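Report on the following structure.
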Amino acid sequence: MDVVPTVIYSFMLGIIALALVQAGCKPKHQQTTFLIALLCLLFIHVCGELFIYSGAYRYLPGLAGLQFPIRTLLGPALYFYARATMSPDVSISARSYALASLGPVLVIGAIIPFLFSLTPQEKLALADPATRDPEHFKVAFLTCLTAMVIFITFIAIYFVSALKVHARHRQQLMERFADIQSRSLDWFKVTLLLWGLVWFFYATAYLPGFTGWRIPGQGFLLPLLEASVLLAFTQLALNQPILTREDKGIPIAHQIRTTTLSKSKMDAIAKKLQSVMTQEQLFMNDTLSLNQLSQSISVSENHISETLSQLLQTNFFQFVNGYRIEYAQKLLLDSDKRISTIQYEVGFNAKSTFNTAFKKATGLTPSQYRKQVHS
1 MDVVPTVIYS FMLGIIALAL VQAGCKPKHQ QTTFLIALLC LLFIHVCGEL FIYSGAYRYL
61 PGLAGLQFPI RTLLGPALYF YARATMSPDV SISARSYALA SLGPVLVIGA IIPFLFSLTP
121 QEKLALADPA TRDPEHFKVA FLTCLTAMVI FITFIAIYFV SALKVHARHR QQLMERFADI
181 QSRSLDWFKV TLLLWGLVWF FYATAYLPGF TGWRIPGQGF LLPLLEASVL LAFTQLALNQ
241 PILTREDKGI PIAHQIRTTT LSKSKMDAIA KKLQSVMTQE QLFMNDTLSL NQLSQSISVS
301 ENHISETLSQ LLQTNFFQFV NGYRIEYAQK LLLDSDKRIS TIQYEVGFNA KSTFNTAFKK
361 ATGLTPSQYR KQVHS
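So the sequence shown is numbered by full-length UniProt numbering: it starts at 1 and just counts up by one.
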């Protein structure tokens, strides 16, 4: 038995079990349903690792490899969770489910020779180079290699799809809101990339094991990293509020990439936008949305969005924050107010968002800017 990974994976089982209990107590919603399904798949995945590291396979060698098909569903499960959490269109077609099930079907086809052509005793003999049969070893190696390629392929396809869902969600938010931090689920992108890294190393670590060589840290660093990502993901996912369809950023009806308004009409709308920002300082409203701006100047959301994208070459988020940064620069130059005070005064709710937007516009952080202009 490998003590350290056994302890870590036992800890992970506890994390998942607790998360399942918490998720089960949440109100019924598609987002929660897919989170529970994902947690169940993770539970099976961790049980599979614990089965190997704890040495339990010696007592039940016939179960070795049975978890491989289930693991292929981890990628689709994360993608469906992303859809349910961030996409205004939460409906998932039967075709999508059928494509997701293709991974397990392919893996089952690949592992059939290993499952049924070898006896439990022959499988157990493979664990020791001194007792393994070369022909049986070849069957086991090809089985794991095929299962690994299928797993990595499906993980890659569905992770890229999930990242596209997040990117589209964020872009749609920027079309409608000046403050997107509470809605953008930036944590999902980070944890998704970490999951991808962990599972890639996890999958590829199987092959060196067949030759008797282990990747340095395979029995400690990889399980520890996986446990850290799991803990972060479960906490963030469980604390993630369910977004309304509006909060998910309903796509602008036209999604224009071709002009439907005349140049003169867009010029008139642009003047109204400039007036309401400079004279009424509407940008100081920290919850400003495209809908509120539309009502303020009596111009439809579609027409405002078209003017911003086609004439001003920007979106609502960048347009509003541009005025906020400009006003913040003035306050940093002409007043001795604290930066945190200026941040809230110009309409930013979060320090990180303010600093990022300010540095993107000026190349400096607010504190660096103040020092520079006063030096």
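The C-beta atom is built at its ideal place from N, Cα and C for all residues, glycine as well.
Note that the structure is predicted; figures quoted are calculated from it, not measured.
Buried or exposed for residue i, going by 16 or more other Cβ atoms inside 10 Å?
i           : result
residue 305 : buried
residue 9   : buried
residue 93  : exposed
residue 239 : exposed
residue 147 : buried
residue 87  : buried
residue 248 : buried
residue 237 : buried
residue 244 : exposed
residue 118 : buried
residue 373 : exposed
residue 45  : buried
residue 18  : exposed
What is the DSSP secondary structure of residue i, reduced to helix, strand or coil?
i           : result
residue 220 : coil
residue 264 : helix
residue 340 : helix
residue 91  : coil
residue 348 : coil
residue 54  : coil
residue 289 : strand
residue 256 : For residue 256, the predicted model reports a pLDDT of 46, less than 50, meaning its position is unreliable; a value from the coordinates is still stated below. Residue 256 falls in the coil class under three-state DSSP.
residue 181 : coil
residue 64  : coil
residue 272 : helix
residue 119 : coil
residue 111 : helix
residue 241 : coil
residue 69  : helix
Thinking residue i and residue j are a contact (beta carbons under 8 Å), I'd like their distance in whole angstroms, please.
i           : j           : result
residue 78  : residue 162 : 5 Å
residue 407 : residue 289 : Residue 407 cannot be examined here, being either before or after the span of the chain that is shown, 1 to 375.
residue 191 : residue 227 : Between residue 227 and residue 191 the Cβ distance is about 13 Å, and since that is not below 8 Å, they are no contact.
residue 16  : residue 43  : 5 Å
residue 115 : residue 65  : 6 Å
residue 317 : residue 180 : 6 Å
residue 339 : residue 367 : 6 Å
residue 36  : residue 20  : 7 Å
residue 99  : residue 73  : The pair is not a contact, with the Cβ atoms about 12 Å apart (cut-off 8 Å).
Could you compute how far the alpha carbon of residue i sits from the alpha carbon of residue j?
i           : j           : result
residue 282 : residue 292 : 10 Å
residue 197 : residue 345 : 41 Å
residue 165 : residue 319 : 24 Å
residue 22  : residue 221 : 28 Å
residue 234 : residue 7   : 19 Å
residue 349 : residue 330 : 19 Å
residue 336 : residue 276 : 27 Å
residue 3   : residue 223 : 12 Å
residue 111 : residue 365 : 56 Å
residue 254 : residue 172 : The predicted model places residue 254 with a pLDDT of 45, which falls under 50 and marks its position as unreliable; any figure quoted below should be read in that light. Near 12 Å, if we compare the C-alpha coordinates of residue 172 and residue 254.
residue 369 : residue 332 : 8 Å
residue 353 : residue 363 : 15 Å
residue 170 : residue 314 : 15 Å
residue 359 : residue 351 : 12 Å
residue 205 : residue 250 : 42 Å
residue 47  : residue 68  : 11 Å
residue 129 : residue 109 : 27 Å
residue 256 : residue 302 : Note that residue 256 has pLDDT 46, beneath the 50 cutoff, so the model's placement of it is unreliable and the number below is only indicative. Approximately 9 Å, taken between the alpha carbons.
Between residue i and the ligand GTP, is the CB less than 8 Å from at least one heavy atom?
i           : result
residue 346 : Ligands in the displayed structure: none, and consequently the ligand GTP is not present.
Subject >> the stretch 48 to 56 / the stretch 263 to 270 touching (three or more Cβ pairs under 8 Å) >> reply: no
Original post:
Should the stretch 132 to 142 be called in touch with the stretch 308 to 323, which here means at least 3 C-beta pairs below 8 Å?
Top reply: no
**OP:** Pair every Cβ in the stretch 325 to 340 with every Cβ in the stretch 184 to 191, then say whether three or more of these pairs are closer than 8 Å.
**Re:** no
Subject >> the stretch 148 to 162 contacting the stretch 114 to 134, beta-carbon criterion three pairs below 8 Å >> reply: no
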